[in-house]
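Take the sequence shown: its position 95, counted from the start at 1, is 147 in our numbering, and no numbers get skipped.
Have a look at the structure below, then the notes.
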Amino acid sequence: MASIRRREILILASVWVVGCGIVFGLLAIFYSQSQQSPATPQPQATATYSLNFEGDTAKIAYMRALSNALTWQGDVKLVAASAYWPQVPALEALQSADTWDFRFFSPGRERTYFAAAAAGKPVVGRAHLYKQQQAKP
């Protein structure tokens with residue numbers, strides 16, 4: 053076996069130190085570049101179209117329908133609500149719903165009451181013909 057001389061040890065140590073220096077230098081460059089990268093710009097929300105409100109809101113229509121349903125039965129509870137918009141030729145037609153439909157349930161009568169509230173018209177309501185059982189939780 054050949055023995056390693058002092059000169060060879062110094063050369064190997066120098067090569068090892070230079071190699072480690074190059075690796076750490078590259079790592080430092082990559083790390084500093086990743087820290088300096090600009091933040092990703094966030095898109096800004098812009099309004100594309102706004103509508104001027106006309107007619108009854110859902111809350112106003114609900115109060116009108118609820119008062120109508122309470123004349124039928126005093127223990128009614130809201131179970132569903134929906135709105136109807138006619139076919140819209142332009143965005144301006146979306147400013148208010150044509151009709152709001154509400155469904156109320158009366159545990160005392162075990163029936164559903166349907167109420168339709170259209171802006172500027174009286175609320176039209178009718179009770180379901182058949183008894184229904186309330187769903188148990």
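Heads up, the beta-carbon is just placed ideally off N, CA and C, and yes, glycines get one too.
On a predicted model such as this, the values are computed, not experimentally measured, just so you know.
Take residue 109 and list the residues in its own chain whose beta-carbon comes closer than 7 Å to its own, dropping the five residues that flank it on each side. none
If you draw a straight line from the alpha carbon of residue 116 to that of residue 138, how long is it in whole angstroms? 21 Å
Collapsed DSSP secondary structure at residue 58 in the structure displayed: helix
Determine the direct distance from the alpha carbon of residue 153 to that of residue 176, and round the result to whole angstroms. 10 Å
Under a three-way DSSP split, which group does residue 136 fall into? strand
Starting from residue 117, trace the alpha helix (DSSP H) in both directions and tell me its first and last residue. 110–124
Between which two residues does the beta strand (DSSP E) holding residue 167 run? 163–170
Beta-carbon within less than 6 Å of residue 29's beta-carbon, same chain only, minus the 5 sequence neighbours each way: which residues are those? In this structure the chain extends from 53 to 189, so residue 29 is not present and cannot be described.
Could you check if residue 69 is buried or exposed, using at least 16 other CB atoms within 10 Å of its CB as the buried criterion? exposed
Using only CA atoms, which one of 58, 182, 172 and 155 lies nearest to residue 162? 182
Residue range of the unbroken beta strand (DSSP E) whose run includes residue 176: 176–179
Measure from the alpha carbon of residue 172 to the alpha carbon of each residue in 178, 150 and 164, then state which is nearest. 150
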